[in-house]
Structures are given as structure tokens and as C-alpha cells.
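Asks:
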Amino acid sequence: MKYPQIPYSRPVLTDEELKSRSQSFYKMMNERRSVREFSNRDVPDEVIDAILLTASTAPSGAHKQPWTFCVVRSAEIKKKIREAAEKEEYESYNSRMPQDWLEDLAPLGTDWRKPFLETAPALIVVFKRSYENVNGLKKNNYYVTESVGLACGFLLAAIHNAGLASLTHTPSPMNFLAQVLNRPENEKPFLLIPIGYPAEGCMVPDLARKPISDIVIRY
Ligand code: IYR
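What follows is the structure, given as C-alpha cells:
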């Protein structure tokens, strides 16, 4: 089966319009920061739906869209997730992470405590679908990590554009998320993203992003 083809084009803009649009998007995106202190102020379901639909516009291998987004609003489940994450993180910070890693994280001031997992009004737990069960048969997906990574990038951009903050949290190991959320065998936890408003008085590290000369090589 081949998809029917439909026409596609983008409006042809002037160079000035291209510059202005690309620069204003950069300016907006450059204001995104990872936030670790969230307000408990609620966010509407419609906003979460729209940002998840945006995430799902990401390209994926063979258009398999190999992602599942679990939206956790239940205080009880958030608490379970926090307790399990803190248990793993405590072990990681105290015995599993090598000294170099701890030293690299020191400037960010992170530790095993994850209160934001209960404070944020919603947690988005992203799962990658390594394969699909089709009529009882295993069908592999393709470029699953790349695809789900792209969807998460789109998701973070959509969250920021909506006016909210997020954190890409990676408790390790994170198999507990599949258990707590009762996910099937073909889904593996990928990223845990609290979403909401930053807490009043929220602080973030004063870090700089690499200049273009450090990230681009022209040929
Ligand atoms: N998963 C831990 C440790 C951590 C690792 C990296 I790399 C970070 O950029 C931040 C934290 C945690 O979430 O605290």
C-alpha cells in the first residue's frame, strides 16, 4: 500500500521575513529554562492535549509514531512516582554515579530529592514503543530513540511556547515507571517531564549557551 499523495508547499517569504521569523523564534526558545521548582497552580487539560498533539507532529521512522504519553495528575500516583524516583536517585547520588558525573552536576545543584514530582500539576511520562503487537505478532518500529527524542524536543518547545515550564527528568533506572503506570511489555520509559508554572521566586542557574562558532562548522 502506498499513501495517496497530496500537494504541499510553504509560502515563499522575503529574506527579511525569513530573518525576522527565525530570529524571533530563536529569541523565544532561548528563554526556555529547565525548572526544578514548580508552582502547584493547575493547567487546563486542553493545553496538555495541544502540546501532546504538537509533540506527535514529530517525524518518526516509517511514520510509526512510536510513542505513548502518560499524563499523571493523580496526587496518589504522583506520590508513588516521587517515592520510587527518590529511592533510585538516592542510590545513584550516593553510590552509583561516578565522581566525574557528580562533579559535573555540582554546578547545577541537583540532588536525590525530587519534590517537584508532587508539586507540578502534571507529569508527562514518555514511553518509547520498541515494537507493536499486530494480530499477536511482534512488529518492530524503526529509529525509535531518535523518533521519541524528536517528539520530546517538540514537546518541550510546545510547553515553553504555551507559557509553561518543564524539566527533562531522567531518574535512573526508570523501569519503575512502567510498573507504576501499568504499561505493556512493548513500552519502555524514556523521559519524565513535569509541567507547570515555575514556583514564585523560582531560581535557575545563570548558565550560558555555546556561541555559534562553537557549534557550527561550515563547508
Ligand atoms: N538523574 C539525576 C541526575 C542528573 C543527571 C544529569 I546528566 C542531569 O543533567 C541532571 C540530573 C537527577 O535527575 O537528579
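In my numbering, the protein residues as written are 73 to 291. For glycine and all other residues, C-beta sits at the position ideal for the given N, C-alpha and C. A quick note: this is a predicted structure, and the numbers were derived from the prediction, not measured.
Using a strict less-than 5 Å threshold between each residue's beta carbon and the heavy atoms of the ligand IYR, what residues do you get?
Replies: This criterion selects T182, T242.
Asks: May I have the straight-line CA-CA distance separating P261 from M246, to the nearest angstrom?
Replies: Cα to Cα, P261 sits roughly 6 Å from M246.
Asks: N233: which of M100, S167, G225, N213 sits nearest, CA to CA?
Replies: It is M100 whose Cα lies nearest to the Cα of N233.
Asks: Comparing alpha-carbon positions, which option in A223, Q77, Q137, P179 lies nearest R201?
Replies: Comparing Cα positions, the closest option is Q137.
Asks: For C274, tell me which candidate among E175, S285, F248, S238 has the shortest Cα-Cα distance.
Replies: Looking at the Cα atoms, S238 is the closest of the given residues.
Asks: Looking at R154 and the ligand PLP, is the gap between the Cβ and the nearest heavy atom below 7 Å?
Replies: The ligand PLP is absent from the structure shown, which contains only the ligand IYR.
Asks: Assuming W184 contacts E158 (C-beta within less than 8 Å), just tell me the rounded distance between them.
Replies: With a Cβ gap of about 6 Å, W184 and E158 count as contacting.
Asks: Go to I284, then tell me how far its alpha helix (DSSP H) extends in each direction, as first and last residue.
Replies: Here the alpha helix (DSSP H) through I284 covers 284 to 287.
Asks: Based on the DSSP secondary-structure assignment, which residues constitute the bridge partners of T140?
Replies: Its beta-bridge partners are F199.
Asks: Let me know if P179 comes out buried or exposed under the rule of 16 or more other beta-carbons within 10 Å of its beta-carbon.
Replies: By the 10 Å Cβ count, P179 comes out exposed.
Asks: Please determine, among A194, G235, E163, M169, the residue with the shortest C-alpha to C-alpha distance to E148.
Replies: Of the candidates A194, G235, E163, M169, the one whose C-alpha sits nearest the C-alpha of E148 is A194.
Asks: Would you call the CB atoms of A223 and A130 closer than 8 Å?
Replies: The answer is yes: Cβ separation under 8 Å.
Asks: Who does L264 pair with in a DSSP beta bridge?
Replies: Note: L264 sits in a beta bridge opposite V197, H241.
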